[in-house]
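Written out below as structure tokens is the structure these notes cover.
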Amino acid sequence: MPTSRRTRDAPSRTFRPAPPSQSRTSASTEPGGGDDAAHGAKDTAAGSGAGGYAPAPDGPRGGSPSGETDENGDSRDVAPEHDHLSTFALDVDTASYGYARRSLAEGRLPDPSTVRPEEFVNSFRQDYERPDGDGFTVSVDGARTGEEDWSLVRVGLATRTAEERGERPSAALTFVIDVSGSMDEPGRLDLAQDSLATMTDRLRDDDSVALVTFSDEAETVLPMTRLGGHRGRVHDAIDSLEPAESTNLGAGVETGYDTAVEGHREGATNRVVLVSDALANTGDTDADTILERVADERREHGITLVGVGVGSDYGDALMERLADRGDGHTTYVSDAEEAREVFGEQLPRHVELTARDAKAQVAFDPETVAEYRLVGYDNRRVADDDFRDDRVDGGEVGPGHTVTALYAVRTRPGADGHLATATVRWLDPGSRAPHEESGGVETGDLGDSVWEADRGLRVTATAAYFADALRSSPPSRGSLPGAPGLAELAERAGSPAGRTEDEEVRRLAEAIRTANRLT
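Here the sequence shown is numbered in the numbering used here, starting from 20 and rising by one per residue.
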């Protein structure tokens with residue numbers, strides 16, 4: 020049985036690698052989680068990494084970090100002196116950014132505890148090179164900030180596009196819909212119904228759908244039903260949904276997974292899609308009990324969970340933990356346009372999985388790097404020596420996804436040469452065979468200024484600076500090197516939007532301007 024040893028609720032970390040006298044690390048033949056014979060041979064197509072960069076070093080490095088708190092009250096961890104590795108499970112969640120935009124649009128600042136920088140960063144399209152088949156490409160770039168010796172380094176991972184490999188496996192989707200009294204607010208249950216109807220029309224005839232509702236109790240409204248010849252029946256079930264009373268989220272999750280197990284289809288992608296404001300107030304409201312059920316079904320039956328958040332009052336933390344434990348992801352919808360994008364485009368396109376238990380490890384060269392900090396991914400951290408332990412839980416990623424991780428990196432004065440190597444490791448969804456791909460960056464590859472970099476890096480930096488500012492109380496300049504104030508940041512965000520006619524970036528600029536007004 021797989022074990023989950025991912026670090027949860029860990030604060031941001033600052034790493035101080037070994038002094039310059041330490042030699043560079045090279046890969047050994049003994050992986051930290053057992054040799055390749057035990058887990059299956061490495062992907063020979065991936066080789067030793069893109070561009071000739073060595074993959075992440077094998078075996079454990081460093082130890083457990085200890086917590087510190089900076090002057091803004093933000094937690095920062097300081098790693099042992101010789102720790103130059105950063106390891107995390109991949110994450111494609113975007114709910115935190117969507118909910119922050121909803122809060123700002125309603126004239127209130129988001130609670131800093133709901134702001135997860137990686138979800139801000141991953142809410143924007145990136146033009147990373149795509150692989151020819153399943154797996155990932157690894158892109159690493161960066162640019163210098165206005166603060167001496169500090170740069171922002173971006174690690175970008177991309178899967179193939181959803182259309183590149185013809186027919187996907189069939190899908191068996193169990194929709195678990197919150198019909199509690201709080202869902203009667205406009206933009207909640209009505210939005211969910213319209214969205215489900217749209218998705219039903221976009222799915223294929225050989226896909227199957229089940230429908231579970233919950234309020235004070237849970238009910239299976241529609242057992243697992245093939246869509247071919249039965250779309251009218253599915254639409255009738257969706258149209259019949261009406262708001263009721265309390266929110267028994269635990270009963271909804273339990274009944275949803277019971278229905279998904281009963282309708283489980285071998286060879287298909289089996290998922291539970293939870294649509295809720297996640298405000299549990301009756302029945303089993305203990306998060307750990309609910310989470311354990313999700314984890315058990317994921318391990319035994321491979322059923323993953325997608326959380327779709329709705330509502331101005333939203334249980335962000337619980338929904339994020341549910342999807343994390345269920346090897347899925349979360350998103351948030353606040354209006355009809357976002358709902359059409361999520362249910363009409365994203366979910367049908369991302370039904371398939373291309374990678375299971377995906378983890379990334381970035382090895383910074385101690386000869387050129389003085390210290391570094393991963394922005395976000397606080398509850399996705401993985402122990403360095405668990406990178407190649409395939410029993411340790413990672414993230415699930417589908418076609419068409421990109422994953423971005425941003426690091427603040429302080430280089431040694433006058434440093435010249437190799438800066439970092441990023442390696443992603445994942446399991447094939449069918450065979451569970453492990454594969455790896457690597458990419459790297461040199462100090463000479465760093466651009467002179469983040470604000471003169473290409474569109475993708477500028478937007479990544481803007482989103483990260485914005486999230487970092489919102490995590491301060493009150494929102495301020497933030498703690499990342501080179502961080503501008505919110506007014507300047509709004510202007511910076513507006514510049515790429517104006518040049519590219521990018522609606523996503525225009526919305527980001529407006530959210531920053533609103534936050535600046537509210538402070």
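Glycine residues also receive a C-beta, built at the ideal position from the N, C-alpha and C atoms. The model shown is predicted, which means the values in this text are computed figures rather than measured ones.
query	result
I'd like to know whether the C-beta atoms of Lys378 and Gly413 end up nearer to each other than 8 Å.	yes
Thinking Val231 and Thr180 are a contact (beta carbons under 8 Å), I'd like their distance in whole angstroms, please.	With 8 Å as the limit, Val231 and Thr180 do not qualify as a contact, their Cβ atoms being about 32 Å apart.
Please list, in chain order, all residues of the same chain as Arg245 whose beta carbon is under 8 Å from its beta carbon, the five residues on each side excluded.	Asp224, Asp225, Asp226, Ser227
Check whether the Cβ atoms of Val416 and Thr373 sit closer than 8 Å, and answer yes or no.	yes
Can you give me the C-alpha to C-alpha distance between Glu178 and Glu264, rounded to a whole angstrom?	A quick correction: the sequence has Thr, not Glu, at residue 178. Whole-angstrom Cα-Cα distance: 42 Å.
Taking the alpha-carbon positions, what's the Ala472 to Gln365 distance?	28 Å
Assign His320 to buried or exposed, taking buried as 16 or more other Cβ atoms, counted over all protein chains shown, within 10 Å of its Cβ.	exposed
Using the DSSP secondary-structure output, state which residues sit across from Gly466 in a beta bridge.	Ala162
What residue from Asp160, Ala314, Asp487 has the CA that sits closest to Gly466's CA?	Asp160
Which residue's Cα is closest to the Cα of Glu281: Asn535, Leu241, Tyr333, Thr538?	Leu241
Expressed to the nearest angstrom, what Euclidean distance is found between the alpha-carbon atoms of Asn141 and Arg173?	12 Å
Whether or not the stretch 377-397 and the stretch 430-441 are in contact is what I'm after, with contact meaning three or more pairs of Cβ atoms, one per stretch, closer than 8 Å; do they touch?	yes
Could you tell me whether the Cβ of Leu537 comes closer than 8 Å to any Cβ of chain D?	Absent from the structure is chain D; it holds one protein chain and no more.
So, with DSSP's three-state summary, where would you put Leu489?	helix
Counting only the same chain and skipping the five closest in sequence on each side, list residues whose C-beta sits under 7 Å from that of Glu236.	Asn267, Ala270
Can you find the residues in the same chain that come closer than 7 Å, C-beta to C-beta, to Ala211, ignoring five residues on each side of it along the sequence?	Ile196, Val294, Val329
Identify the continuous beta strand (DSSP E) that holds Gln145 and give its terminal residues.	Segment: none, Gln145 is in no beta strand (DSSP E) and carries neither H nor E.
Can you give me the C-alpha to C-alpha distance between His454 and Val111, rounded to a whole angstrom?	20 Å
Put Ser214 into one of helix, strand or coil per three-state DSSP.	helix
Per DSSP, Ala377 is paired with what?	Gly414
Could you tell me how far apart the beta carbons of Asp384 and Leu324 are, in whole angstroms, since I believe they sit closer than 8 Å?	Between Leu324 and Asp384 the Cβ distance is about 38 Å, and since that is not below 8 Å, they are no contact.
Could you have a look at Leu446 and say whether DSSP puts it in helix, strand or coil?	strand
Does DSSP put Glu138 in a helix, in a strand, or in coil?	helix
What do you get for Glu522, buried or exposed, if any count of 16 or more other CB atoms within 10 angstroms of its CB means buried?	exposed
Could you check whether Ala434 and Thr462 sit closer than 8 Å to each other, using their CB atoms as the reference points?	yes
Applying the criterion that 16 or more other CB atoms from any shown protein chain within 10 Å of the CB defines a buried residue, is Pro205 buried or exposed?	exposed
For Gly152, count neighbouring Cβ atoms within 10 angstroms of its own Cβ and tell me buried if that reaches 16, exposed if not.	exposed
Determine the direct distance from the alpha carbon of Glu311 to that of Glu273, and round the result to whole angstroms.	11 Å
From Arg451 to Gly459, what does the alpha carbon distance come to, in whole angstroms?	26 Å
Look at Pro367 and Leu222 and say whether their C-beta atoms are less than 8 Å apart.	yes
Who pairs with Ile196 in a beta bridge, going by DSSP?	Thr232, Val294
Note the first and the last residue of the continuous beta strand (DSSP E) segment covering Tyr426.	421-430
Buried or exposed: Arg252, going by 16 or more other Cβ atoms within 10 Å of its Cβ?	exposed
Taking DSSP as the reference, what is the three-state secondary structure of Gly81?	For Gly81, the pLDDT reaches just 35, beneath the cut-off of 50, and the residue's location in the model is therefore unreliable, although a value from the coordinates is still provided. In the structure shown, Gly81 sits in coil (DSSP, three-state: anything other than H, G, I, E or B).
Are the Cβ atoms of Val411 and Asp403 separated by less than 8 Å?	no
If you follow the beta strand (DSSP E) that Arg173 is part of, which residue opens it and which one closes it?	169-177
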